[in-house]
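Here's the structure, in structure tokens; my notes come after.
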Amino acid sequence: MRQSPFQHGPEGSQSILPKHSVLVDTDIGDDIDDALALALILRSPEIDLRGITTVFGDTQRRARLAQHLLHSYDREDVPIAAGVRTPLRPRHRPSGVPQAAVIDSRAVTPAISTLSGPELIVETALAQRGDLTILCLGPLTNVATALMIQPDLFMAISEIIMVGGTSGLPYPEWNVRSDAKAAQIVLGAGIPVKLLGWNITTRCQLRGCDLQRLRSEYSPETQFLSQLLGVWKRHHHRWQSDLPYIHDTLTVVALCAPELFEFE
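The sequence shown runs 4 to 267 under this note's numbering.
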């Protein structure tokens with residue numbers, strides 16, 4: 004088990020935080036947990052965010068939404084690439100990107116990379132020389148395509164952490180179900196993978212007091228997240244809770260505080 008990211012030295016000294024080089028592959032714009040996961044990453048001093056790629060459906064709009072999130076955190080240094088729109092084995096149509104409604108076309112945001120999502124994954128992984136963790140917050144189409152472009156890429160990725168596996172329902176979890184062929188390629192590539200099932204992630208929700216605290220803050224970051232939460236609340240299914248589950252956010256926790264989990 005990896006050592007805790009919070010290593011306490013002698014009293015009065017500063018904590019030493021190891022840096023994790025991370026690339027995030029996300030379908031931001033549907034459920035709110037992707038945006039919350041990115042927000043946590045951008046506020047985690049132990050994470051060195053090397054890039055963001057978007058996947059599934061309108062990946063350009065997803066990339067623009069990620070641009071705006073980075074802009075609100077003053078992180079224009081992070082490259083963003085729009086990835087593959089269509090699953091390798093389509094099962095259902097991608098949903099829209101409702102949270103893109105908050106995009107302000109007048110805002111100055113970082114440019115989207117001329118590389119595709121899979122190309123940015125390959126470039127970043129090779130540059131990191133085996134010291135890259137990929138947090139997969141959506142279907143695995145981009146990562147599978149990157150592995151097809153560069154078959155030995157598995158040696159350049161230290162691990163993948165994702166929500167996947169059991170759902171407690173008669174069908175697989177969403178990210179796996181949305182591109183089962185890509186999941187088969189990635190899970191068979193020889194890369195260490197940590198899967199967080201819905202049996203774990205559905206135990207974790209934001210509380211009403213968390214949402215109220217977020218709304219009461221007036222920083223650019225919290226105001227942008229509040230806007231996204233407002234759109235999410237208007238578009239989420241009526242049978243779902245008004246308190247958002249933080250599925251994808253737990254991938255960040257699993258990376259930075261692995262002692263909170265037991266993986267088999």
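The C-beta atom is built at its ideal place from N, Cα and C for all residues, glycine as well.
Bounding residues of the alpha helix (DSSP H) (the contiguous stretch that carries residue i)
| i | result |
| --- | --- |
| K269 | Because the chain spans 4 through 267 in this model, residue 269 falls outside it and cannot be assessed. |
| V81 | Counting along the chain, V81 falls outside any alpha helix (DSSP H), and DSSP gives it neither H nor E. |
| V125 | G120 to Q131 |
| I55 | Looking at the DSSP string, I55 is not in any alpha helix (DSSP H); the run it does join, the beta strand (DSSP E), is I50 to T57. |
| V255 | T252 to C259 |
| D36 | D36 to L45 |
| S219 | G211 to S219 |
| T204 | W201 to T204 |
Contacts around residue i, its chain only, beta-carbon distance under 6 Å, and the 5 residues preceding and following it disregarded
| i | result |
| --- | --- |
| V179 | G167 and A186 |
| F59 | D30, P97, G141 and P142 |
| Q6 | Its pLDDT being 37, under 50, Q6 is placed unreliably by the model, and the measurement read from it follows with that caveat. Excluding positions up to five away in sequence, the list is empty. |
Terminal residues of the beta strand (DSSP E) in which residue i lies
| i | result |
| --- | --- |
| A104 | From DSSP, A104 is part of no beta strand (DSSP E); its letter is neither H nor E. |
| S1 | A query on residue 1 cannot be resolved here, the shown segment of the chain reaching from 4 to 267 and no further. |
| H74 | Where H74 is concerned, there is no enclosing beta strand (DSSP E), although the alpha helix (DSSP H) it sits in stretches over T62 to S75. |
| S24 | H23 to T29 |
Beta-carbon proximity list for residue i, same chain, < 8 Å, skipping 5 on both sides
| i | result |
| --- | --- |
| M4 | Caution applies to M4, whose pLDDT of 33 falls short of 50 and renders its modelled position unreliable; the model cannot decide the point. |
| Q17 | The predicted position of Q17 is uncertain, since its pLDDT is 45 and thus under 50; a value taken from the coordinates is nonetheless stated next. Excluding residues within five positions, none has a Cβ falling inside 8 Å. |
| A42 | L72, Y76, E224 and L228 |
| I164 | T136, I137, L138, C139, V196, K197, L199, T254, A257 and L258 |
| E126 | L118 |
| T252 | D36, L39, A40, L43 and C207 |
| G15 | Here the model assigns G15 a pLDDT of 38, short of 50, so the residue's position is not dependable, and the following value carries that caveat. Around G15: no qualifying Cβ. |
| I152 | P121, E122 and V125 |
Integer-rounded CB distance, given that residue j should sit under 8 Å from residue i
| i | j | result |
| --- | --- | --- |
| E162 | K197 | 7 Å |
| Q102 | V234 | 5 Å |
| G99 | T62 | Their Cβ separation, rounded to whole angstroms, is 13 Å, which puts G99 and T62 out of contact at 8 Å. |
| I137 | D33 | Wrong, their Cβ atoms sit about 20 Å apart, outside the cutoff. |
| L123 | P82 | 6 Å |
| T112 | G86 | The pair is not a contact, with the Cβ atoms about 18 Å apart (cut-off 8 Å). |
| A84 | S116 | 4 Å |
| Q131 | R237 | Not a contact, Cβ separation roughly 39 Å. |
Same chain only: Cβ atoms within 7 Å of residue i, ignoring 5 sequence neighbours per side
| i | result |
| --- | --- |
| V296 | Nothing about residue 296 can be reported from this structure: the residues present for the chain run from 4 to 267 only. |
| D51 | K22, H23, S24 and V25 |
| R64 | G32, V100 and A103 |
| I106 | R67, L68 and H71 |
| M158 | G133 |
| L156 | V125, A128, A149 and L150 |
| P8 | Reliability of the predicted coordinates at P8 is poor, the pLDDT of 35 falling under 50, and the value obtained from them is presented with this limitation in mind. Excluding residues within five positions, the ones whose Cβ falls inside 7 Å are L20, P21, E49, C259 and A260. |
| L209 | L246, P247 and I249 |
| I160 | A128, L135, I137 and I194 |
| L91 | T144, A147, D182, K184 and A185 |
| R218 | S229 |
Best match in the options for proximity to residue i [C-alpha to C-alpha]
| i | options | result |
| --- | --- | --- |
| R206 | A38, A103, H250 and S47 | H250 |
| P247 | V27, D28 and L39 | L39 |
| S47 | C139, E265 and C259 | C259 |
| R67 | P90, A104 and L45 | A104 |
| G200 | G211, L156 and E176 | E176 |
| I55 | A114, P93 and I106 | A114 |
| C139 | R237, D36 and E265 | D36 |
| F266 | I203, D155, Y221 and I124 | I203 |
| D182 | Q230, R218, G193 and N145 | N145 |
| G193 | S219, A147, H238 and C212 | A147 |
| A110 | E220, E79, P93 and R92 | E79 |
| G211 | T89, L232, S222 and Q226 | L232 |
| H74 | S222, Q243 and H239 | S222 |
| G191 | P93, P90 and P154 | P154 |
Check: residue i C-beta below 7 Å from any heavy atom of the ligand NAD
| i | result |
| --- | --- |
| G120 | This structure simply doesn't include the ligand NAD, nor any ligand for that matter. |
For the region 135–186, list the beta strand (DSSP E) runs that are entirely contained and at least 3 residues long, ordered along the chain. With a minimum length of 3 residues, the unbroken runs of beta strand (DSSP E) contained wholly in the region 135–186 fall at 136–139 and 162–166.
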